[in-house]
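Okay, so here's the structure we're looking at.
Number of protein chains: 2
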Amino acid sequence: MVEGNRLVETFKQTVYRLGGHGPRDLHTLKISLMELDDELESDLYGKGKVIEDFEEKMAHYLGKESAVFFPSGTMAQQIALRIWCDQKGIKKVAYHPLSHLEIHEEDGLKELHQIEPILLGNKDRIIQLEDVLGLEEDIACLLLELPQREIGGQLPEYETLEAISAYCREKGIKLHLDGARLFEIMPFYQKSAAEICELFDSVYVSFYKGLGGIAGAILAGDTDFTETSKVWKRRHGGDLISLYPYILSADYYFNLRVGKMEKYFEEAKELAFLFNQCHAVSTLPIEPVSNMFHVHFAVQKETLEPILIDLHLETGIGFSSYLKEVNSGASYFELGIGDMYEQIPNDKINAAFASLSKKLEQNNTNNNVE
Amino acid sequence: MVEGNRLVETFKQTVYRLGGHGPRDLHTLKISLMELDDELESDLYGKGKVIEDFEEKMAHYLGKESAVFFPSGTMAQQIALRIWCDQKGIKKVAYHPLSHLEIHEEDGLKELHQIEPILLGNKDRIIQLEDVLGLEEDIACLLLELPQREIGGQLPEYETLEAISAYCREKGIKLHLDGARLFEIMPFYQKSAAEICELFDSVYVSFYKGLGGIAGAILAGDTDFTETSKVWKRRHGGDLISLYPYILSADYYFNLRVGKMEKYFEEAKELAFLFNQCHAVSTLPIEPVSNMFHVHFAVQKETLEPILIDLHLETGIGFSSYLKEVNSGASYFELGIGDMYEQIPNDKINAAFASLSKKLEQNNTNNNVE
């Protein structure tokens, strides 16, 4: 068995986990439906109580006039950008070079909507006001992802957001929020979802990141915008006869976990601190601003893999099921804190981190000797 | 309350139903998951045992090299046509004027893929070999919907299908099957799914029509085709992190009902016969060729609605929850036979049809007297 598979296997066998809410299995769905009445009627192509009630609830929570449930954020966000482009008659938008639309969607925005993205700022940092000030009226929409996931979940200052929002309004540029992890950033900003969303013309939120639902997304904005988004949802093939398996579970996990984001945030800071104490390890950001961060090792993937495998077997704590190479001498993985972290006894955590640091130091010594 | 709402309400209160499998409610999902292991792992963006096993099962059943699970047929079919257009470098396809793509998808094919459809034949009848013989190499794909739903679920002779298939192969035109109701036509043709699909280059099947699942579709063809369809599935926003709620229920209802299509077909013929005995009623087609048909009344919608409402209240048998106007003097509804039909006692059926016919005759007499 190759090391990568061993890493997955040993991770799966651990009792404890640093990140997440536990396995994504059928239990996750079943428990969310258990208490609900069997006679609860399905939605029907976007209509019916089950979908309309949830859309209304989320519109209210996000402080927007109206909201539409989508099977995926990929679909919702392409559609949001398309609507703003059509409204302005300009097929150009701006977003971060590591935006989900740029690196995870097989160029759907370009291939399906012929929209040209301007990549704003730099891969290694978040978009700042200075980047935005360069934008003129010739783009329809600026998309901001909060937090910027691919660089460890970093966030701008709230004042920066306010300034970007004011600038965009002045210039007639629509501002769209990729809020896949919106719930997760409320504790850092100490703002409500509605307060943050007020800065944006349209907002997408996800139900399977920090909330741990099955799948699904909400797109919110004014009613003209959301009504148009329903037409595009049908065109994309997202206006399913029944979306209720996603809606009901989204509602369940929203209710269960939206109030826990402060706790996950505090735990993320605690855990990042432990990593930063270890030899050859640093987190990005050093102090997390949400429930997520990246753990960077000044050690190559091939060297780190057996160390993590040993750690899994020895401590019963799952650190990560994968490793990504940054360059030939460094590697990292992502952590998002959820319900699993609190289940690990303190002494086991401390022992595990002592062991990790020791293994990394030993590796360093061996390398120097060689 | 307007009559249309009364029709829905009285329909919902009936104990028996002529068509369908019963209400689309949460029970439909729960029962399909009940026996499955809680630890069953989710699919993950199109990968994993739960999705791959089902795709393989359906590929085998349809006699194709490979199959991909999609959240919807709207998505699957646009993508199929796009792939064939790209392969040939011609953005033109042909289908029936009442194809799902033409009338139910908000022009997704045109708006997202810039594909121009040629509407083949005539609204009131199915596509015949003569219509196809006019096609030349300048189209990429011909889509056939079997049965043609919007005209009561009509079918061409099997020999016609074979001749169309042979012609398309000769001319280098890809042939795609809109098999939303493929399982339902096997008894009429007395052919297996694989035998029918052999005539086509690509095939879509649905899991919530005759099978009565929650939602979801399969697109099948050769492996080059299906692998490309996965890229487009991601672009459309259909490559969800978890599709298992649809996959598991699709598998459950496929296993439960695919073997009952012969029975539904026989019952549809029996029921259509009863309708055709009634005054001012005829079914389309007169003798069904699948589990479905349309019931046409030589009576306007406003007149028929109170008659059906009375019938619901009087007999406890749900005829239809809606009526569509054909023109000012005629109306119709659609029936698809499922598990509900067999539950109605024979004497109740006969009494209900006697009553329907009497009410329609009475209405006729009243009109003549006025």
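Going down the list, the sequences are from chains E and X. The opening residue of the first sequence carries number 1 in my numbering; numbering runs sequentially from there. The opening residue of the second sequence carries number 1 in my numbering; numbering runs sequentially from there. No residue lacks a Cβ here, since even glycine has one placed at the ideal position from N, Cα and C.
Query: Just to check my reading of the structure: Tyr332(E) and His279(E) have Cβ atoms closer than 8 Å, yes? What is that Cβ distance to the nearest angstrom?; Result: With a Cβ gap of about 16 Å, Tyr332(E) and His279(E) do not count as contacting.
Query: Please state the DSSP three-state secondary structure of His236(E).; Result: helix
Query: Once DSSP output is grouped into helix, strand and coil, what is the label at Ile337(X)?; Result: strand
Query: Less than 8 Å separating the beta-carbons of Leu360(E) and Val289(E)?; Result: no
Query: Using the rule of at least 16 other Cβ atoms within 10 Å of the residue's Cβ for burial, across every protein chain shown, is Met1(X) buried or exposed?; Result: With a pLDDT of 49 at Met1(X), under the threshold of 50, the modelled position of that residue is not reliable, and no figure is offered here.
Query: Using C-beta distances below 8 Å, list every residue in its chain close to Glu305(X), excluding the 5 sequence neighbours before and after it, in chain order.; Result: Glu3, Gly4, Arg6, Leu7 and Leu323
Query: Would you verify that the beta carbon of Ser99(X) is, or is not, closer than 8 Å to some beta carbon of chain E?; Result: no
Query: Buried or exposed: where does His113(E) fall if 16 or more other Cβ atoms within 10 Å of its Cβ makes it buried?; Result: buried
Query: Measuring only between beta-carbons, confirm whether Lys30(X) sits less than 8 Å from chain E.; Result: yes
Query: Which partner residues does Lys92(E) have in the DSSP bridge list?; Result: Glu116(E)
Query: Do you know how far the Cα of Gly329(E) is from the Cα of Phe275(E)?; Result: 18 Å
Query: Starting from the beta carbon of Glu456(X), find every residue of chain E whose beta carbon is closer than 8 Å, and list them in chain order.; Result: This structure cannot settle anything about residue 456(X), because the visible part of chain X is limited to 1 through 370.
Query: Is there at least one Cβ from chain A nearer than 8 Å to Arg234(E)'s Cβ?; Result: You won't find chain A in this structure, because its protein chains are E and X.
Query: Could you spell out the range, first to last residue, of the alpha helix (DSSP H) harbouring Ser249(X)?; Result: Tyr244 to Arg257
Query: Among Glu227(E), Ser242(E), Lys209(E) and Ser202(E), whose alpha-carbon lies nearest the alpha-carbon of Arg257(E)?; Result: Lys209(E)
Query: On a CA-only basis, which of Cys141(E), Ser320(E), Met292(E) and Thr315(E) is nearest Lys301(E)? Give me that one, please.; Result: Ser320(E)
Query: Can you grab the Cα-Cα spacing for the pair Gly221(X) / Ser202(X), in whole Å?; Result: 5 Å
Query: How would you list, in chain order, the residues of chain E whose beta-carbon sits under 7 Å from the beta-carbon of Ser42(X)?; Result: Arg24 and Asp25
Query: Do Met75(X) and Met186(X) have their C-beta atoms within less than 8 Å of each other?; Result: no
Query: From the DSSP output, read off the bridge partner residues of Gln148(X).; Result: Gln154(X)
Query: DSSP three-state call for Ala166(X): helix, strand or coil?; Result: helix
Query: Which residues of chain E have a Cβ atom closer than 7 Å to the Cβ of Pro117(X), listed in chain order?; Result: Ordered by position in chain E, no residue passes the 7 Å Cβ test against Pro117(X), which lies about 14 Å from the chain.
Query: How far does the beta strand (DSSP E) with Phe297(X) in it extend, from its first residue to its last?; Result: Met292 to Phe297
Query: Can you tell which of Asp43(E), Leu335(E), Leu161(E) and Ile151(E) has its C-alpha closest to the C-alpha of Glu267(E)?; Result: Leu335(E)
Query: Would you tell me roughly how many angstroms separate the C-alpha atoms of Arg317(E) and Arg17(E), rounded to the nearest one?; Result: With the sequence shown as reference, residue 317(E) is identified as Ile, and Arg is not the correct amino acid for it. The straight-line gap from Cα to Cα measures roughly 5 Å.
Query: So, using beta-carbon positions, are Pro245(X) and Pro245(E) closer together than 8 Å?; Result: yes
Query: Do Ser66(X) and Thr228(X) have their C-beta atoms closer together than 8 Å?; Result: no
Query: Assess contact between the stretch 142-161 of chain E and the stretch 173-181 of chain E, defined as three or more Cβ pairs (one per stretch) separated by less than 8 Å. Is contact present?; Result: yes
Query: Hey, how far is the Cα of Ile307(X) from the Cα of Leu356(X)?; Result: 8 Å
Query: Which of helix, strand or coil does DSSP assign to Phe69(E)?; Result: strand
Query: Quick one, which residues of the stretch 198-218 of chain E are near chain X if we go by CB-CB under 7 Å, in chain order?; Result: Tyr208, Ile214 and Ala215
Query: Any idea if Thr315(E) is buried or exposed, counting beta-carbon neighbours within 10 angstroms, 16 or more meaning buried?; Result: buried
Query: Let me make sure I understand the geometry here. Which of Trp84(E), Leu313(E), Trp232(E) and Asn367(E) has the alpha-carbon closest to that of Gly46(E)?; Result: Trp232(E)
Query: So His176(E) is in the beta strand (DSSP E); what residue range does that whole segment cover?; Result: Lys174 to Gly179
Query: Compare the C-alpha of Glu111(X) against each of Leu98(E), Leu119(E) and Ile79(E) and name the closest.; Result: Ile79(E)
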